[in-house]
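According to our numbering, the sequence shown holds residues 94 to 234 in order.
Built from N, CA and C at the ideal position, the CB exists for glycine as well.
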Amino acid sequence: MLGKVVREGVSVYLPYVNTHSSVDFRTVMVNRMDEPVPYNFEFNAPDGISAVGGAEAEGILPESSLSVLKARKVVTVTGSRTYTTASLTVSASPEMIDITTFKRTKATAARIRCGISRRNNRKRSDQPADWRGPMRAAFFV
């Protein structure tokens with residue numbers, strides 16, 4: 094025997110990681126293991142664009158935790174565009190890790206904070222005063 098695998102891993106391709114100031118792009122990771130696990134981002138920038146890992150490009154997910162990473166802290170993108178692609182690797186059993194991404198523009202966030210419906214652009218009178226509007230997010234694993 095030449096060797097043995099001592100730890101499984103999860104690798105996810107992120108086709109779009111945006112660092113533009115008007116977009117709040119985040120990666121969410123859930124660690125259901127009883128031990129901390131390392132993670133690492135690798136970036137594949139298109140021609141003419143530079144993508145350099147930031148302070149949170151690699152790190153440790155605490156045991157039994159949910160971690161939310163902002164794109165602007167994970168990568169710095171320079172060049173003609175503000176986005177790149179990435180591969181995220183987490184050294185853990187695939188059944189014990191959940192990974193998702195979401196983005197929210199500042200315009201959407203303002204509508205949610207003000208309780209404005211996209212359908213009619215005004216607050217309905219039958220909604221409670223603390224109504225925050227519909228919260229929509231797309232999750233990809």
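Worksheet item: With burial defined as no fewer than 16 other Cβ atoms inside 10 Å of the residue's Cβ, what is the status of TYR109: buried or exposed?
Response: exposed
Practice prompt. Leaving out five residues on either side along the sequence, give the residues of the same chain with a beta carbon under 6 Å from the beta carbon of THR178.
Written response: PRO108, ASN137
Worksheet entry | Paired residues, beta bridge with PRO129 - DSSP | Looking at the DSSP assignment, PRO129 forms no beta bridge with any residue, so it has no partner.
Worksheet item: Out of PRO139, ASP140, THR120, which has the shortest C-alpha to C-alpha gap to LYS163?
Response: THR120
Worksheet item: Between which two residues does the beta strand (DSSP E) containing ARG119 stretch?
Response: 116 to 124
Worksheet item: Alpha carbon to alpha carbon, what distance is there between THR194 and GLU156?
Response: 20 Å
Worksheet entry | Element boundaries [alpha helix (DSSP H), containing ARG197] | Taken as a continuous stretch (DSSP letters only), ARG197 belongs to no alpha helix (DSSP H), being part of the beta strand (DSSP E) at 190 to 198.
Worksheet entry | Host alpha helix (DSSP H) of ALA164 (start-end) | 164 to 167
Fill in: Inter-residue spacing [alpha-carbon to alpha-carbon] between VAL56 and ASP127
The displayed coordinates of the chain run from 94 to 234. Any statement about residue 56 would go beyond what the structure contains.
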